[in-house]
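Some notes on the structure that comes next.
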Amino acid sequence: MAFTVRPAGPTDGAALVALVRGLAEFERLQKGQEVLVQVAKEPMGTKGARVTSHVSLPGRYLVCMPGTRHIGISRRIEDVAERDRLRGIVEAEGTPDAGFIVRTACEGVTKREIHDDVRFLTRLWARVEKAAAAATAPALIHQDLDLVLRVVRDLFTSDVERLSVDAPEDYERVLEFVKGLMPRLASRVHLYEGVTPLFEQHGVETKIARALERRVWLKSGGYLIFDQTESLTTVDVNSGRYVGKKNQEETILRVNLEAAKQVVQQLRLRNIGGIIVIDFIDMEKAANRKKVSDALQEALRKDKARSNVLRISELGLVQMTRKRTRESLEQLLTSPCAHCGGTGRVRSVETIAYDALRRAFRESAAHANSARIALRVHPDVAVFLTERERQSLEALERQSGRTVAVEPVPELGRDEVDVRVGS
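Residue numbers (the working numbering): 7 to 429.
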C-alpha cells in the first residue's frame, strides 16, 4: 500500500503529520486507517522526506518517546555513577506511557530540572494527542521550534560563556525561552548592538565561505580535498609537499593526525552526513594507523551527530557513516554550476574549437546555396581557431566553396558555439 505525506507547512525534523491514527506498525495498516507519523529526515535532492510512526519529542535534557518504556542514556555521559543517578531519577519521574532518552546536556543537572523537563514533554505529548484526535488527515499536528530557539535548546550549554543576538525581537524571544528552560544561564544572553554585523564581527562569514571551498589547508602544510556526491562524500588527505625518506613515516603520521581532527571539524561545519570515505596518506606501521584511527574516534566524541567508523585499512582508507537529517551546507547555500552542470569540469578550448569545426562542416553540407559560413565563438576559442587551426579553416573553405569567418563574441559563454550559414 502506498500513501503520501503532505504536511500543511514547512517540513521540519519534528513535524508531526496526522495521516492516520491508531497503529504503530506500518505493516499492520489497512486502507483508510490513519496514523500519526513524524518527519524524521527532510527531503534531499531527489529523495523525499522520511517519516516514522515512532514519535520522539526532544526537550532540553530528555527526549520523550511515547508508547515505549525504554530509558536510555547518552553514550557521551561516561561516568558510571552519573549514568546510574540519571537513570534512577528518570525512572522515578517518568510516566508508564512513555520512555525517555537522557541527552548529554542532562549530565550534572538537578532532579528538579529533570522533573520540569519530564513535565514539559508529557504535557506536550498530551497536546499532540488532542490535536491529532481533532484533525482530519493529512494535517500538521505539531512543529518543532524554529531555528533560533532550536539552536538555543540544543547548543546553549553551561560551557558557553556568551550568547549574542543581534535582532531585538529574537533577543526577547531567546531570553524568555532561556529563563523558562534554563534560568541560571539567562545572564549570558546579550543583545548585540555593534555597528559591525555580528557575523562579520566574529568571522562567521569568512568561515562559511571557507566551508564551501573544496580544499582545506592544514597547519602542517598538508591539505584536505572534499568531494560530495549524492551517494557519498570522499575526503582525500594530501601532504602538500614532498616528504623525504628521512623520518617520512613520522611526517606522514603528523599530517594524518592533524587531518583526523580537521576532517571531523569540517564534517560538522559543512553538515555532511551519510557515507564518508577518508583517504589518509599511506602509513607502513600498523601502530601508526591505529593512532590515526583513535584520533578520529576521539574527535568524533565531541560531535553530536551519531557516527559509525570502520577499521582503517592498510591503504589508509576509513569508511564511516554520520547521521544525516538535513541538507549539507553546500546543498543549502549553492546550486549546480550552469556551465558545467555540477560536474566541476568544462570542455577545454581545443575540444570546443574542434566541435565548432565539425558543426561548420555539417552546416555547410546542409545549406548548399549559402555563400558564407560564420563561426561565432568565445574569444578564447576564436584565438585557437585562427592561430592553431588555420589549415582546417582553409580546408573548410575549399571543400564548401564558401568564405569562412571566425567571429569572436565576448557575450557568448566559452562553451557556446553559434554557426551561421548565409549570404
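In this text, a Cβ means the ideal position worked out from N, Cα and C, and glycines have one as well.
| Check | Outcome |
| --- | --- |
| Beta carbon of A111 nearer than 8 Å to that of R66 | yes |
| Proximity winner among L187, E206, E182, Q254, relative to H196 (alpha-carbon distances) | E182 |
| First through last residue of the alpha helix (DSSP H) which encompasses K213 | 210-217 |
| Per-residue DSSP class, three states only, for K53 | strand |
| Close Cβ partners of V270 (< 8 Å) along its chain, the five nearest in sequence each way excluded | L302, A305, L306, K308, D309 |
| Check whether V355 and D386 have beta carbons under 8 Å apart | yes |
| Beta-bridge partners of I77, as assigned by DSSP | F106 |
| H196: first and last residue of the uninterrupted beta strand (DSSP E) it sits in | 195-197 |
| Buried versus exposed call for Q268 [16 or more other C-beta atoms within 10 Å across all chains shown] | buried |
| Same chain only: Cβ atoms within 7 Å of S170, ignoring 5 sequence neighbours per side | H196, Y198, L204 |
| Proximity of H60 and G105 at Cβ, strictly below 8 Å | no |
| D160, DSSP secondary structure in three states | helix |
| Whole runs of the beta strand (DSSP E) within the segment 301-383, excluding any shorter than 3 residues | 313-315, 323-328, 378-383 |
| Cβ pair L238, I281 closer than 8 Å | yes |
| DSSP bridge partner residues for P414 (one or two, in chain order) | V383 |
| Residue burial classification, I231 (beta-carbon count within 10 angstroms, cutoff 16) | exposed |
| Member of A401, I379, H373, A362 whose CA lies at the smallest distance from the CA of V389 | A362 |
| Nearest neighbour of V412, chosen from H373, R368, A359 [CA to CA] | A359 |
| G186 burial status per 10 Å Cβ neighbour count (16 or more: buried) | exposed |
| Secondary structure, alpha helix (DSSP H): runs of 4+ residues fully inside the segment 222-304 | 254-276 |
| Cα-Cα separation, A30 to V41 | Because the pLDDT at A30 is just 47, under 50, the model does not fix this residue reliably, and the value given afterwards should be weighed accordingly. Rounded to the nearest angstrom, the two C-alpha atoms are 7 Å apart. |
| Residue environment, T116, which counts as buried when at least 16 other CB atoms sit within 10 Å | exposed |
| DSSP three-state assignment for K136, whether helix, strand or coil | helix |
| Distance CB(S376)-CB(V427) smaller than 8 Å | yes |
| Which of helix, strand or coil DSSP assigns to V423 | strand |
| Expected contact under 8 Å - CB spacing of I284 and V241 to nearest Å | 5 Å |
| Segment contact flag, the segment 365-373 with the segment 400-410, C-beta cutoff 8 Å, min 3 pairs | yes |
| Sequence-distant residues of its chain with Cβ nearer than 8 Å to V383 (five each side left out) | I358, A359, A362, L391, V412, E413, P414, V415, L418, E422, V423, D424 |
| Simplified DSSP state of T142, which is helix, strand or coil | coil |
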